[in-house]
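Worksheet: the structure to be examined is printed underneath.
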Amino acid sequence: MGQEAVAKAYEDIRAALAVLNAEVDGCGSEPFSAADPLAALADGTLDILAGAKEAEAGFAGLKARAAVKYADTAHALAPDMPVQAQEMAVAAEVGCVLAIGPRAASAFLAASQALDKTLPLTLSALQAGTISWHHALAMVDEAATLDPAGAAALEAHFLDPDTPRPSTAALIGEMPAHRFKHKARTWRERHHAESIEKRHAKGVADRRVESRPDQDGMAWLSAYLPADQALAGWNRINALARAAQGPDESRTLTQIRADHFAAAILTSGISRDSSSDRAGHSAGNGAGNGEGLNTGNGGGAGNDDTAGAGTDPTPSSTIRAQVLVTVPVFSLLGLTDEPAMLDGFGPIPPSMARKLITDGAESFHRVLVDPRDGAPLEIGRTSYRVTKAMRNWLRMRDGKCPFPGCSNHSLDNEADHLLAWHKGGTTGISNLGQPCPKHHNLRHTTGWKPTPATKDRSPGWTSPTGRHYKSEHQDWEPPHWPDELTPELKRLNRSTVGFADFAYFGLSPGEKGIARFLHAPPA
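The numbering used here puts the first residue of the sequence shown at 141, with every later residue one more than the last.
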């Protein structure tokens, strides 16, 4: 009866696929709408896409469970076979059935085992169609180095319906898997049982460069480096490429970047000059007594966009590029081990943040945060002009272009009014977005429109078909307080630690400590 039931089920599935394909072709038994067939067909195909996404996820969960059940059964049938040989045999069988290579089959089996044995919430969400296979793989990857309690906590944070989360936050299945992976990695870095400093030291030991051949006589060259070095190199190449652009330059920005990269590794095309080759840094805070510190070093008093753009792009150029670092005050002082956040990357060890700041910071800007969740507090302005401080605040609030799924952290992102200024919109932060040039152009040349948050709807974008897609919600967390400083801070600030309604008088202990830290006499 089992084999007959399986055959009948797949026969029904194939029949259902035939019906859906007929509907896509507009040859269904009834039109989607007799009043406006074309518009209804367009809307109906989107419904088919949404249903296919859920069905694919359900099938992915089914494949994972079937593979695990086959592996368990194979082990039970040949209990005396050596484990390694058994695993090879199972991977070979699964690979042949799915028409994939042995390595891919082994990876699929490992992920399926992790889902079935240690990540039940992820497997349930996959089977229900609320997340995709790629989301599930991201969860598997981030949970791989966690102990069972840590893996359960990671799952619960994102998938347990009883876990408190902002009502306007998008569910993980509503964002692309690569964006969920970034969120899961950020949570893992913050809550890993082992210190981020120890894990970073292990990662530094694994630094390497890899080459991979590609089509048409091309190849990929990549490096596994400490985050501050990788981001500084990327921003410097960006700055050099922008400086090389001009009316007589026929190369695209992407091509110029590649040429500068090749020159740097094959010749002495980009020299290192400790006084002029530093990336600019700006640091904001999500900790302490509701304040943050922004540090800037970009050639001038401000820390906006790229300093030095347009200058001589030769090896002796003083071009610098901004790097935004958000670092808790107490972590910066070495009193806690809370990770800092490097713009365009994610969590970094506090020692790396301290090095970035002491090597290049020339100024600080205080940013107030909500002590309940660490989110930057609202600032506003009544004129049309968006200031440098507000642009930096937008980068810290959004982390990237706010269009759903976009990962563009480019300094070219443009501050934009959600409700147009000429229609009564203000220049307060709640009415500003910072879309990348591509999605800024999308907003002004198509029917796509950004939408501000309301009491019952998150900020996001509305498509020409009227569908609303949520923007990604930043994962702010309450700041970490050193236990030994809490009584003293209560006395100095004359406030209750941990609440948003607090009084603030004069310089904070954090600012005084930072000043002493940066201006200490040389040892």
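Just so you know, even glycine gets a beta-carbon here, dropped at the ideal spot from N, CA and C. Given the structure is predicted, the values throughout are model-derived calculations rather than measurements.
Counting the other CB atoms within 10 Å of its CB gives TRP601 a total of 16 or more, which places it among the buried residues. Contact check for VAL230 against ALA214 passes: the beta carbons are separated by less than 7 Å. Taking 4 residues as the minimum length, the alpha helix (DSSP H) runs contained wholly in the region 260-309 are 260-268, 273-283, 288-299, in order along the chain.
In the three-state reduction of the DSSP assignment, GLY386 falls in the coil class.
For HIS608, the uninterrupted beta strand (DSSP E) run begins and ends at 608-610, by DSSP. With contact defined as three or more Cβ pairs closer than 8 Å, the region 169-176 and the region 240-252 are not in contact. Its Cα nearest to that of VAL467, the residue ALA480 stands out among ALA480, GLY474, LEU475, LEU473. Boundaries of the alpha helix (DSSP H) around LEU472: 469-472.
Inter-residue distance for ALA372 and VAL349 is about 17 Å (C-alpha atoms, whole angstroms). CYS541 sits buried, since 16 or more C-beta atoms from the chains shown fall within 10 Å of its C-beta. A buried status is given to PRO490, since no fewer than 16 other beta-carbon atoms sit within 10 Å of its beta-carbon. Judged by DSSP in its simplified three-state form, LYS323 adopts helix.
When the five nearest sequence neighbours on each side are left out, the beta carbons in the same chain lying within less than 6 Å of the beta carbon of GLY313 are those of THR270, ILE271, in order along the chain. Taking 7 Å as the cut-off, the beta carbon of GLY587 is found closer than this to the beta carbon of PRO604. For secondary structure counted as the alpha helix (DSSP H) over 4 or more consecutive residues, the region 231-259 holds these complete runs in sequence order: 242-258.
Taking the C-beta atoms as reference points, PHE485 is found nearer than 7 Å to ALA367.
Residues of the same chain with a CB within less than 6 Å of the CB of ALA211, apart from the 5 flanking positions on each side, are VAL230 in chain order. Pairing ASP176 with PRO590, the inter-Cα distance amounts to about 27 Å.
In this structure, the straight-line span from the alpha carbon of LEU496 to that of LEU365 is close to 15 Å. Rounded to the nearest whole angstrom, the CA to CA distance from ALA206 to GLU194 is 18 Å.
Leaving aside the five residues that flank SER252 on each side, the residues in its chain whose CB is nearer than 7 Å to its CB run, in chain order, ALA204, ALA207, VAL208. In this structure the region 350-364 does not lie against the region 317-326, because fewer than three pairs of beta carbons, one per stretch, are closer than 8 Å. Annotated three-state conformation of LEU311 is coil, per DSSP.
Taking C-beta atoms as the reference points, VAL164 and THR185 count as a pair closer than 7 Å. For the options ALA296, GLU329, VAL280, PRO288, the alpha carbon positioned closest to that of LEU482 is the one of GLU329. In this structure, DSSP gives ASP165 a state outside helix and strand, which the three-state scheme calls coil. LEU294 has its alpha-carbon roughly 7 Å from the corresponding atom of TRP327.
Shown here for LEU261: same chain residues with a beta carbon closer than 8 Å to its own, the five before and five after excluded, namely GLU295, ALA296, LEU299, ASP300 in chain order. Here ASP354 carries a coil assignment [DSSP, helix/strand/coil]. When only Cα atoms are considered, PRO304 and ALA333 end up about 22 Å apart.
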